[in-house]
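Residue numbers (this note's numbering), protein chains in the order written: chain W, 1 to 458; chain P, 1 to 458. All C-beta atoms, glycine included, are put in the ideal place defined by N, C-alpha and C.
Number of protein chains: 2
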Amino acid sequence: MKTTNPTVKKILTHYKEISLLGRIKSVLDWDLNVNLPPKAAPGRAEQSAYLAKRATDLWLDKDFRKNLEAANKLTNVTREEKAILRNLNIAGKYYFNIPQKLIIEKEHASSKAFMVWKEARQNNDFKAFLTPLKTLIEIDRKMAKYIGYKENPYDALLDLHEPELTAAYTKKMFDAVKPKLIELTKKMLNYTKDEGLEKKFLHTKSSYPLDKQKELSLMVMKLMGYDFEAGRLDVSPHPFTTSLDRYDVRITNAYHENDFRFSFTSTTHETGHALYEQGVNPDYNESPLAGGVSYGIHEALSRFWENMVGKNPKFLKHVAPEFQKAFPKLLGKITPDDFVKLFHVVKPSFIRIEADEVTYSLHIILRFEIENELINGKIKPEDAASVWKEKSYEYFGISPEKDSQGVLQDVHWAYGAFGYFPSYAMGNLYGAQFLHAMKKTVNFEADVSKGKLANVKG
Amino acid sequence: MKTTNPTVKKILTHYKEISLLGRIKSVLDWDLNVNLPPKAAPGRAEQSAYLAKRATDLWLDKDFRKNLEAANKLTNVTREEKAILRNLNIAGKYYFNIPQKLIIEKEHASSKAFMVWKEARQNNDFKAFLTPLKTLIEIDRKMAKYIGYKENPYDALLDLHEPELTAAYTKKMFDAVKPKLIELTKKMLNYTKDEGLEKKFLHTKSSYPLDKQKELSLMVMKLMGYDFEAGRLDVSPHPFTTSLDRYDVRITNAYHENDFRFSFTSTTHETGHALYEQGVNPDYNESPLAGGVSYGIHEALSRFWENMVGKNPKFLKHVAPEFQKAFPKLLGKITPDDFVKLFHVVKPSFIRIEADEVTYSLHIILRFEIENELINGKIKPEDAASVWKEKSYEYFGISPEKDSQGVLQDVHWAYGAFGYFPSYAMGNLYGAQFLHAMKKTVNFEADVSKGKLANVKG
């Protein structure tokens with residue numbers, strides 16, 4: 001980052017170390033998700049907490065804060081400097097208001113909770129996860145108090161993920177679409193009748209070898225323009241993207257042996273996140289602008305690539321032959337139309353990240369409603385699993401028997417990331433707007449049908 | 001670590017942070033070896049250098065040093081406290097004498113050199129590695145000066161790896177065995193005549209699938225008593241072991257498709273290192289006693305498990321059926337004796353880590369002689385490749401055509417680890433002594449023949 005303003009310069013120099021600590025912590029977090037042996041969890045929690053402590057020390061540095069306050073009063077700042085200050089002020093709400101002790105406590109609690117959640121999900125044992133869940137809710141409730149809010153403590157948490165978003169606004173937005181989505185889900189059920197297709201191509205005995213699925217993931221990443229010299233693809237229970245450095249943006253995938261679709265949509269989704277990070281202006285490296293605008297915009301990129309590009313019928317038809325080559329026994333004779341239809345089966349489902357484009361936002365609404373009430377103390381943590389089941393029945397007409405398919409399915413609460421979920425729905429909405437705007441200058445449908453995605457990425 | 005001495009207590013509290021930084025850095029280093037995408041090298045170098053800087057800051061803390069000096073004068077210390085002070089004084093030679101700037105410079109240089117070496121080795125391009133090699137030699141020469149030495153700057157570097165070992169002593173020891181080893185190599189060549197066996201079972205067309213080799217590695221690790229809940233097995237170009245935490249001791253392996261032996265001996269070697277780390281008294285965690293006694297003793301454990309146990313004919317016969325099951329086409333009909341013989345073919349070879357037990361120490365002697373003269377300026381870095389070839393011809397009667405099979409084969413110099421190699425030969429000697437002592441209380445041959453290794457490990 002180049003700046004001529006001496007105060008901003010001081011801020012950026014100081015921030016460089018915060019950024020470095022964040023990137024080192026990302027290496028540890030990535031490894032926690034992909035590699036960590038079970039007995040190492042307490043040690044890793046200690047390591048992460050140490051780095052978090054160092055970072056908060058730097059945030060709380062008196063000169064840094066003084067410089068930031070001085071810079072906020074500047075009137076002759078450039079567009080970039082303005083953005084830097086905005087991002088620092090947003091993050092500052094967290095670091096300046098919450099006692100450092102509590103931040104470290106959350107770091108410890110979430111590292112441990114992640115390992116407990118992983119095992120609880122595997123063993124389908126919600127009770128095992130209850131204690132860390134309670135701890136994290138309690139910590140986030142306290143944090144919300146420190147950050148401050150007008151109406152709802154959940155607003156303070158939402159604001160950390162999508163600045164200025166409130167629970168009331170989210171509710172209004174969701175309430176407008178909820179009944180229509182429920183209605184549409186029911187209608188589509190009678191309309192698509194694609195059960196036959198799934199039974200034909202995805203019956204449980206089918207085996208789509210994982211190594212072949214991985215090859216296809218790599219093929220799709222290549223089409224999307226992912227830079228393999230500046231990242232890698234690995235396996236984790238829950239696919240995710242993380243930036244360990246400007247030139248080290250890694251994605252993970254999970255492979256289902258009986259269903260090749262999941263790893264495909266996860267690939268387009270996570271690579272969407274990765275392209276955003278890999279596309280950051282190298283000048284912004286180590287500056288507060290390196291991470292992008294907000295979680296919502298990040299999810300806009302991933303949901304855009306997943307749904308507008310990846311599940312676009314023309315794109316699916318373009319890649320279909322590669323899937324047929326990889327799985328000749330099972331897909332050798334599938335028609336292009338059936339291949340497309342397989343990716344557009346609308347039906348109630350338990351797992352958010354496997355959900356179709358109609359029911360997806362209902363999954364988000366369900367989580368938003370529960371976490372809002374968990375933070376407000378209107379739902380007790382011990383009731384989260386049963387409330388989940390009830391809401392699931394109400395919205396989808398089905399209710400998961402196993403908590404691993406219900407309240408334990410997502411990693412977010414194990415990280416203490418309350419207020420994250422609405423970003424996905426925001427992402428869907430932003431993504432639609434991006435497409436609308438993009439079509440003015442990019443020959444979108446034609447490019448997608450040829451798998452030529454350079455302009456779309458651009 | 002429990003201690004009642006208030007000065008030692010202060011030292012240990014301060015050291016805890018040094019230890020934590022070291023473990024975080026180990027995560028980064030492990031990832032560098034196993035995962036790092038090429039463009040991320042400069043970023044990772046910056047991250048590692050930052051942690052090294054923090055650690056040296058802590059070493060150079062005035063109170064810490066004052067406390068250490070005070071503790072050195074104590075007379076009523078326990079055995080453990082004495083060992084703590086000894087280890088700190090050894091490490092202190094490095095931190096207290098070398099300017100911090102130079103330590104950081106080496107951190108930067110070695111991170112970069114590793115990535116250059118990896119590519120240079122792949123492309124068989126010594127010239128590409130010359131600049132980082134020169135830089136690291138220059139840094140280590142400077143470091144030796146700062147540490148201080150009586151006769152030979154190389155002594156200062158040796159001392160860091162094996163306290164009190166000198167080049168003169170090493171030379172005396174090596175000169176005593178060198179002619180005999182060269183002679184024995186020649187004799188064995190005429191004696192074993194096992195070329196036929198290798199051609200029969202390891203001809204290049206043979207394919208030992210990597211996944212099967214990995215399964216066998218896991219089987220051997222299990223027999224050896226490796227704790228899989230506190231570590232993992234991965235792949236890297238050069239097998240290594242690293243402790244990311246008391247409960248996270250990871251090993252890596254490399255698999256050769258045409259030869260199942262390499263991954264077997266690497267497994268026993270690296271698991272030997274790992275058992276040493278996994279066996280550290282948990283009370284010593286985060287203390288200066290956590291890392292063991294010296295590199296030589298570490299290599300004693302690895303070489304002991306590799307050669308005294310792993311390549312023991314009785315142990316080989318015990319595991320042979322598993323190999324036959326895994327590779328029925330190629331090994332289905334091999335006799336137990338031929339299986340054992342395959343692991344004891346003595347012949348001149350280019351690659352140290354693939355060398356047999358007779359020629360192995362000759363490989364070490366070659367490296368010792370070269371690095372001693374590199375540090376003393378008697379061999380120029382640009383001549384290292386050709387000197388390597390000459391010496392190889394002198395000791396083994398063969399000379400590698402490719403530098404990837406010569407001067408570029410080992411990772412150590414890319415880390416700037418001059419003075420490490422003799423530890424392997426020391427390890428061989430220590431290991432033989434361990435076995436001698438162990439046989440007094442452990443029914444060694446009987447246990448090994450049954451694959452019951454608990455007492456040996458104990």
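Asked, Found
"So if DSSP puts P/D245 in a beta bridge, which residue, or which two residues, is it bridged to?", "P/D248"
"Look at the alpha carbon of P/N376 and the alpha carbon of P/A384, and state the distance between them as a whole number of angstroms.", "13 Å"
"Can you tell me which of the three DSSP states P/L429 falls into?", "helix"
"For P/K457, go through chain W and note every residue whose CB falls closer than 8 Å to its CB, in chain order.", "The contacting residues do not exist; P/K457 stays about 18 Å from chain W at best."
"Going by DSSP, what residue range makes up the alpha helix (DSSP H) through W/D338?", "P336 to L342"
"Please state whether DSSP places W/D447 in a helix, a strand or coil.", "helix"
"I need the straight-line Cα distance from P/P38 to P/K142, nearest angstrom please.", "29 Å"
"Which of the residues in the region 212-234 of chain P, read from start to end, lie with their CB under 9 Å from any CB of chain W?", "D227, F228, E229, A230, G231, R232 and D234"
"Is the shortest distance between the beta-carbon of W/D283 and the beta-carbons of chain P less than 9 Å?", "no"
"Under the three-state reduction of DSSP, which class applies to P/H269: helix, strand or coil?", "helix"
"Is there contact between the region 315-322 of chain W and the region 276-295 of chain W, where contact requires at least three CB pairs shorter than 8 Å?", "no"
"Can you pull the chain P residues whose beta carbon is under 8 Å from the beta carbon of W/Y247, in chain order?", "P37, K39, A40, P42 and G43"
"Is there at least one Cβ from chain W nearer than 9 Å to P/D61's Cβ?", "no"
"Could you give the residue range of the beta strand (DSSP E) that holds P/L233?", "L233 to V235"
"For W/N253, does the three-state DSSP call read helix, strand or coil?", "strand"
"Just to confirm, is the Cβ distance from P/T359 to P/K341 under 9 Å?", "no"
"Across which residues does DSSP place W/M259 in a beta bridge pair?", "In the sequence under discussion, the amino acid at residue 259 of chain W is Asp, which differs from the Met named in the question. DSSP output for W/D259 lists W/H256 as bridge partner(s)."
"Does the beta-carbon of W/F228 have 16 or more other beta-carbons within 10 angstroms, so that it is buried, or is it exposed?", "exposed"
"Have a look at W/R65, W/V249 and W/G148 and flag the residue whose alpha-carbon is nearest the alpha-carbon of W/H14.", "W/R65"
"How is the alpha helix (DSSP H) around W/I11 delimited, first residue to last?", "P6 to V34"
"Looking at the C-beta of P/I24, does it have a partner C-beta in chain W at a distance below 9 Å?", "yes"
"If we ignore side chains and look at the alpha-carbon of each, how far apart do P/E445 and P/D31 end up?", "39 Å"
"Are the C-beta atoms of W/E277 and some chain P residue less than 9 Å apart?", "no"
"Would you say W/Q324 faces chain P, with C-beta separation under 9 Å as the test?", "no"
"Let me check understanding here. Comparing Cα to Cα, which of W/P132, W/V27 and W/V34 lies closest to W/W413?", "W/P132"
"For W/G419, does the three-state DSSP call read helix, strand or coil?", "coil"
"Which word fits P/P179, buried or exposed, when buried means at least 16 other C-beta atoms lie within 10 angstroms of its C-beta?", "exposed"
"For W/N33 and W/P282, what's the separation of their Cα atoms in angstroms?", "27 Å"
"Check whether the region 229-247 of chain W touches the region 256-272 of chain W, counting contact only when three or more Cβ pairs, one atom from each stretch, lie closer than 8 Å.", "yes"
"Over the uninterrupted alpha helix (DSSP H) stretch that includes P/T78, give me the two end residues.", "Neither: P/T78 is in no alpha helix (DSSP H) and is coded neither H nor E."
"Give the straight-line distance between the Cα atoms of W/L331 and W/S207, rounded to the nearest whole angstrom.", "11 Å"
"Would you identify the three-state DSSP class for P/L408, choosing helix, strand or coil?", "coil"
"Would you kindly report the start and end of the unbroken alpha helix (DSSP H) that includes W/F323?", "P313 to A326"
"My understanding is that P/T4 touches P/L74, with C-beta atoms under 8 Å, so please give their C-beta distance in whole angstroms.", "In fact, because the Cβ distance is near 12 Å, the residues do not count as touching under 8 Å."
"Quick one: what does DSSP say P/Y515 is sitting in, helix, strand or coil?", "Residue 515 of chain P is absent from the model: chain P starts at 1 and stops at 458."
"Tell me where the alpha helix (DSSP H) around W/V387 begins and ends.", "A384 to F396"
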